[in-house]
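Visitor: Taking the working numbering, I'd label the letters of the sequence shown as residues 586 to 757.
Each residue gets a CB set at the ideal place from its N, CA and C atoms; glycine is no exception.
This one's a predicted model, so the numbers in the text were calculated from it and none came from an experiment.
Have a look at this one before I ask anything.
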Amino acid sequence: VEYYSGSAWVTAATVTPSDNDPFMVAFASASSAQWRVRVTGGTFALGVVYIGAALVMPGSVQVPHTPLNLCETVTLLDGNLSRNGQFLQSEIEMVSGTATVTFEVQTPSFVINSFNAFRQWFNRGNAFFVACAPTAWPQDMGYVWRDGDEIVPPFRDAVFMDVAMKVRVYRG
Numbered sequence: 586v587e588y589y590s591g592s593a594w595v596t597a598a599t600v601t602p603s604d605n606d607p608f609m610v611a612f613a614s615a616s617s618a619q620w621r622v623r624v625t626g627g628t629f630a631l632g633v634v635y636i637g638a639a640l641v642m643p644g645s646v647q648v649p650h651t652p653l654n655l656c657e658t659v660t661l662l663d664g665n666l667s668r669n670g671q672f673l674q675s676e677i678e679m680v681s682g683t684a685t686v687t688f689e690v691q692t693p694s695f696v697i698n699s700f701n702a703f704r705q706w707f708n709r710g711n712a713f714f715v716a717c718a719p720t721a722w723p724q725d726m727g728y729v730w731r732d733g734d735e736i737v738p739p740f741r742d743a744v745f746m747d748v749a750m751k752v753r754v755y756r757g
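Listed below in structure tokens is the structure:
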């Protein structure tokens, strides 16, 4: 990942993926009107690339929680049977999964100020990347979009607000 400093391209991050699993890269904040992803060697396919500031939620994801990389909705299509009725194989279609991501209770100040732009983005059905616990479970991330109600954070008590979202997870 590179950005243009005004006179030269500067490397912000270097990644060497070992498989086709989704991944995220975090790097030091930099401001530029020009960004690029440079890929060298071999054949490749890029699905979705997003470069921008991350919204970091205070606290952690609440349990019970299914890691996003394990969420899948598998549709069984008609299986193949032999002439004698013996099962041969199933055909499946898997394009997404669903999950509910619930964060620890948040302060009204965070929800109303820092979180509000994201809340509006989510409520309008836009896609985004989420990493539920990037340090502890780096695979628990995904490209997701709204699959349920809007985020309308209620007060839990006089001090905290609940933040939860039902999402559809892209599985490819």
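For the stretch 702-709 against the stretch 680-690, are there 3 or more C-beta pairs whose distance is under 8 Å?
Guide: These segments do not touch.
Visitor: Answer yes if the stretch 617-627 comes into contact with the stretch 644-658, meaning at least three C-beta pairs across the two stretches below 8 Å, and no otherwise.
Guide: With a cut-off of 8 Å, the stretch 617-627 and the stretch 644-658 do not count as touching, because too few Cβ pairs lie within range.
Visitor: What are the start and end residues of each continuous beta strand (DSSP E) run of 3 or more residues lying completely inside the stretch 699-739, in chain order?
Guide: Taking only runs of at least 3 residues, the beta strand (DSSP E) segments lying wholly in the stretch 699-739 are 713-716 and 726-731.
Visitor: Can you name, in chain order, every residue of its own chain whose Cβ lies under 7 Å from the Cβ of Pro693, other than the five neighbours on each side?
Guide: Excluding positions up to five away in sequence, the list reads Met746.
Visitor: If Glu689 and Ser645 are in contact, beta carbons under 8 Å, what's the gap, nearest whole angstrom?
Guide: Contact flag correct, Cβ pair sits at about 6 Å.
Visitor: Are there 16 or more other CB atoms within 10 angstroms of the CB of Arg753, so buried, or fewer, so exposed?
Guide: Per the 10 Å Cβ criterion, buried.
Visitor: Throw me the rounded Cβ distance for the Met770 and Pro607 pair, which I believe falls under 8 Å.
Guide: Nothing in the structure corresponds to residue 770, since the chain is present only between 586 and 757.
Visitor: Can you pull the DSSP bridge partners for Gln691?
Guide: Answer is Met746, bridged to Gln691.
Visitor: Would you list the one or two residues that DSSP bridges to Thr685?
Guide: Per DSSP, Lys751.
Visitor: How is Asn669 classed by DSSP in three states: helix, strand or coil?
Guide: Here Asn669 sits in coil by DSSP.
Visitor: Which of helix, strand or coil does DSSP assign to Ile636?
Guide: Reduced to three states, the DSSP call for Ile636 is coil.
Visitor: Alpha carbon to alpha carbon, how far is Tyr728 from Phe714? Give it in angstroms, no decimals.
Guide: Rounded to whole angstroms, Phe714 to Tyr728 spans 5 Å at the Cα level.
Visitor: Less than 7 Å between C-beta atoms, sequence neighbours within five positions excluded: which residues of the same chain meet that for Pro602?
Guide: These residues qualify, in order along the chain: Phe608.
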